[in-house]
Amino acid sequence: MSGKHGHKPFEGHMHDYLAHVRAVEEDLEYYRAKRFEPRIFYLLRRNVVTFYDLLKVGSTLRKKDHFFKIAKPQGKNIEARVRHLEEWLDEYVKGIALVSARTVEGMDMVTEDNRKERGDYDDFFKIKKKEHQGTLDERMVNLQQDLTDYTELLEVFVQALIRRGWATREELAQRWQQLHDERPWAGGVIVAKAWTDPEFKRALLDTGREALREMGVHQGKVGKLVVVENTEQTHNVVVCTLCSCYPYDILGDTPWWYKHESYRANIVQNPRACIKDMFQLEIPSDKELRVWDSTSDVRYFVLPQRPAGTEGMPEQELAKLVTVDSLIGAGYALEPSQLREREAAHVEPEMPRLRPD
Amino acid sequence: MSETDSKYKIGDAVIVANDNPTGNPRTPRYIRGKRGVIGLVHGILENVRDHRGIHNPLYTVRFDLSELAPCHDTDTIWVDVHEEWLSRATRDS
Chain U
1 MSGKHGHKPF
11 EGHMHDYLAH
21 VRAVEEDLEY
31 YRAKRFEPRI
41 FYLLRRNVVT
51 FYDLLKVGST
61 LRKKDHFFKI
71 AKPQGKNIEA
81 RVRHLEEWLD
91 EYVKGIALVS
101 ARTVEGMDMV
111 TEDNRKERGD
121 YDDFFKIKKK
131 EHQGTLDERM
141 VNLQQDLTDY
151 TELLEVFVQA
161 LIRRGWATRE
171 ELAQRWQQLH
181 DERPWAGGVI
191 VAKAWTDPEF
201 KRALLDTGRE
211 ALREMGVHQG
221 KVGKLVVVEN
231 TEQTHNVVVC
241 TLCSCYPYDI
251 LGDTPWWYKH
261 ESYRANIVQN
271 PRACIKDMFQ
281 LEIPSDKELR
291 VWDSTSDVRY
301 FVLPQRPAGT
311 EGMPEQELAK
321 LVTVDSLIGA
331 GYALEPSQLR
341 EREAAHVEPE
351 MPRLRPD
Chain W
1001 MSETDSKYKI
1011 GDAVIVANDN
1021 PTGNPRTPRY
1031 IRGKRGVIGL
1041 VHGILENVRD
1051 HRGIHNPLYT
1061 VRFDLSELAP
1071 CHDTDTIWVD
1081 VHEEWLSRAT
1091 RDS
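Here the protein sequences line up with chains U and W, keeping their order.
Per our numbering: the first sequence = residues 1 to 357.
Per our numbering: the second sequence = residues 1001 to 1093.
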């Protein structure tokens, strides 16, 4: 996959197992330390569940009553094992969504509560993330153990919510089912339409979400959407320095590096160097670089430039050139030759998960 | 959403407060006390999933990178800031 813009170490491809394992490690720690455990603390403080509820459940729960059933790997080779870790992580993430405020009656919690609880505004509250070391194999074994432990706490927590009467098992089962109804990723389709339909592009840049609604793209309610256009004169890049705000209701799951402290700090300190170091992308010196630091109220994405040599390509083909990185400004849209190289190497196309509301 | 209630308009020079204990916590530290220019006016945005109540009008403020970091590039950083953090910049400020 070496193209004009070079190798991108932060982009997961199944032929790069280490990149996949790194992504699972980083995301697992993110969801544990930033989503789940702060939520537990928040609810403990308010007596929604107590340590003692968790202890009691933990000591009496039988395997057959488990809410979460984790599938076995579909083989012993490394690809099957990595895929298994990825699927398991995804179940963990869905499990956290299952016990989030909006689905459990009586938990009146908004995202802002969680930001305070997890230390976005005060380092004192930050939950330390684990560091990962060792060979690829050791790291996979460690991940397996972490996922086992973290899922166990999640299991106990769900059961404690049921015992305390905050939700019934049936309600949670129904919600669990809904959480598996993923929608198709629309990032590529939106950009391809903007490249071919000037009227739509204007509407997208002027009205954001409204243009998408007219196009029939489903979206949630996560603030105002602002789309910023890359041109010959301007390159845009998006960050959320305080947490990880992202238009996930349109672009799907956030890449792990977008949530990572190193990106969030470096991109506003020395943006050109950051983009070069992390993504091997050198922004021409005659272009203005604009960094957009997002709050929760406005979510940004970048409309990448249409690559050369794509004249007359149908929208469907153009959509395949759009990468997640290019929507954040951490990359360019692929050139047709790069896409062909990827297809020849059987690199999976990027399709972030787009979760239900 | 309403832009008519917003105090500043695009192009206005503003200064971000250095400290504002009762203000919205989502104003990053690296722009506090810094001078910028209003780039976008969003007005009052409702975001019920995110936070309780209604925040003050929101702006995207454009800062020169050289104002924020010891960096010689002529690039810009655009940051969302709520109105209570901003005051009008005078020539001397």
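Glycine included, each C-beta is placed from N, C-alpha and C at the ideal position.
Within its chain, find whatever has a CB closer than 6 Å to the CB of residue i; leave out the 5 residues flanking it on each side and keep chain order.
i: Leu242 (chain U); result: Asp120
i: Cys1071 (chain W); result: Leu1065
i: Gly1033 (chain W); result: Asn1018
i: Ala1089 (chain W); result: Ala1013, Val1014, Ile1015, Arg1035
i: Arg118 (chain U); result: Lys34, Pro38
i: Asp325 (chain U); result: Gly331
i: Tyr30 (chain U); result: Lys259
i: Lys129 (chain U); result: Glu29, Ala33
As a quick exercise: from the options, pick the residue whose alpha carbon is nearest that of residue i.
i: Thr168 (chain U); options: U:Cys240, U:Glu343, U:Val99; result: U:Val99
i: Trp176 (chain U); options: U:Phe67, U:Gln280, U:Val228; result: U:Phe67
i: Ile40 (chain U); options: U:Leu161, U:Glu87, U:Pro349, U:Thr231; result: U:Leu161
i: Val1048 (chain W); options: U:Leu55, U:Tyr92, U:Thr111; result: U:Thr111
i: Ser296 (chain U); options: W:Ser1006, W:Ser1087, W:Pro1028, W:Tyr1008; result: W:Pro1028
i: Arg139 (chain U); options: U:His20, U:Gln269, U:Arg342; result: U:His20
i: Trp1085 (chain W); options: W:Leu1040, W:Gly1023, W:Tyr1008; result: W:Gly1023
i: Pro307 (chain U); options: U:Gln269, U:Glu87, U:Tyr332; result: U:Tyr332
i: Arg363 (chain U); options: U:Gly252, U:Trp292, U:Asn142; result: No answer is possible for residue 363 (chain U): it lies beyond the span of chain U, which begins at 1 and ends at 357.
i: Val217 (chain U); options: U:Lys130, U:Trp195, U:Val191, U:Thr196; result: U:Val191
i: Tyr1030 (chain W); options: W:Ile1054, W:Leu1068, W:Thr1060; result: W:Leu1068
i: Arg1026 (chain W); options: W:His1051, W:Ile1010, W:His1042, W:Val1041; result: W:His1051
i: Leu153 (chain U); options: U:Arg164, U:Lys193, U:Gly95; result: U:Gly95
Between which residues of its own chain and residue i is the CB-CB distance below 8 Å, once the five residues before and five after are set aside?
i: Leu339 (chain U); result: Lys320, Leu321
i: Thr1076 (chain W); result: Arg1062, Phe1063, Asp1064, Leu1065
i: Val237 (chain U); result: Ile267, Pro271, Ile275, Leu289, Arg290, Val291, Trp292, Val302, Ile328, Gly329, Ala330
Following the continuous beta strand (DSSP E) through residue i, name the residue where it begins and the one where it ends.
i: Ala344 (chain U); result: No beta strand (DSSP E) holds Ala344 (chain U); the alpha helix (DSSP H) holding it covers 336-344.
i: Glu229 (chain U); result: 224-229
i: Ile70 (chain U); result: Premise fails: Ile70 (chain U) is in no beta strand (DSSP E) and is neither H nor E.
i: Leu1040 (chain W); result: 1035-1043
i: Trp292 (chain U); result: 288-293
Please confirm if residue i has its CB atom under 8 Å from at least one CB of chain W.
i: Asn270 (chain U); result: yes
i: Thr50 (chain U); result: no
i: Glu288 (chain U); result: yes
i: Val222 (chain U); result: yes
i: Tyr121 (chain U); result: yes
i: Lys4 (chain U); result: Below a pLDDT of 50, predicted positions are generally treated as unreliable, and Lys4 (chain U), at 33, falls in that range; the measurement from the model is reported next regardless. No, its Cβ sits nowhere closer than 8 Å to a Cβ of chain W.
i: Glu282 (chain U); result: no
i: Glu112 (chain U); result: yes
For residue i and chain U, any beta-carbon pair shorter than 8 Å?
i: Asp1019 (chain W); result: no
i: Val1016 (chain W); result: no
i: Asp1096 (chain W); result: The structure shown does not extend to residue 1096 (chain W), since chain W is modelled only from 1001 to 1093, so the question has no answer here.
i: Gly1050 (chain W); result: Before going further, note that residue 1050 (chain W) is Asp rather than Gly in the sequence given. Chain U, which has a Cβ nearer than 8 Å to the Cβ of Asp1050 (chain W), makes this yes.
i: Tyr1030 (chain W); result: yes
i: Pro1025 (chain W); result: yes
i: Ala1069 (chain W); result: yes
With residue i as the anchor, note down where its alpha helix (DSSP H) starts and where it stops.
i: Arg1062 (chain W); result: Note, Arg1062 (chain W): premise wrong, no alpha helix (DSSP H); beta strand (DSSP E) at 1058-1064.
i: Phe124 (chain U); result: That residue, Phe124 (chain U), is in no alpha helix (DSSP H); it is neither H nor E in DSSP.
i: Asn142 (chain U); result: 136-163
i: Ile1010 (chain W); result: Taken as a continuous stretch (DSSP letters only), Ile1010 (chain W) belongs to no alpha helix (DSSP H), as it is neither H nor E.
i: Val268 (chain U); result: 261-269
i: Trp176 (chain U); result: 169-179
i: Ser1087 (chain W); result: Here Ser1087 (chain W) belongs to no alpha helix (DSSP H); instead the beta strand (DSSP E) covers 1086-1088.
i: Val82 (chain U); result: 78-98
i: Arg416 (chain U); result: A query on residue 416 (chain U) cannot be resolved here, the shown segment of chain U reaching from 1 to 357 and no further.
i: Thr60 (chain U); result: 51-60
i: Leu327 (chain U); result: 324-328
Residues in the same chain with beta-carbon distance under 7 Å from residue i, minus the five sequence neighbours each way, listed in chain order, please.
i: Gly309 (chain U); result: Glu335, Pro336
i: Thr376 (chain U); result: Lying before the first or after the last residue shown, residue 376 (chain U) is absent from chain U, which here runs from 1 to 357.
i: Ile78 (chain U); result: Tyr17
i: Asp149 (chain U); result: none
i: Val298 (chain U); result: Gly223, Lys224, Val226
i: Ile283 (chain U); result: His235, Arg272, Ile275, Leu289
i: Asp113 (chain U); result: Tyr42
Return yes when the C-beta of residue i is under 7 Å from any heavy atom of the ligand HEM, and no when it is not.
i: Ala333 (chain U); result: This structure lacks the ligand HEM, and indeed carries no ligand of any kind.
Which residues, in chain order, does the stretch 227-249 of chain U contribute to contact with chain W at a C-beta distance below 7 Å? Thr241, Leu242
What residues in the stretch 1075-1092 of chain W have a beta carbon less than 9 Å from any beta carbon of chain U? Residues passing the 9 Å Cβ filter: Asp1075, Thr1076, Ile1077, Trp1078, Val1079, Asp1080, Val1081, His1082.
Against chain W: residues of the stretch 290-304 of chain U by CB proximity under 8 Å: Arg290, Val291, Trp292, Asp293, Ser294, Thr295, Ser296, Asp297, Val298
At a Cβ cut of 9 Å, what residues of the stretch 1054-1066 of chain W count as close to chain U, listed as they run along the chain? His1055, Leu1058, Thr1060, Arg1062, Leu1065
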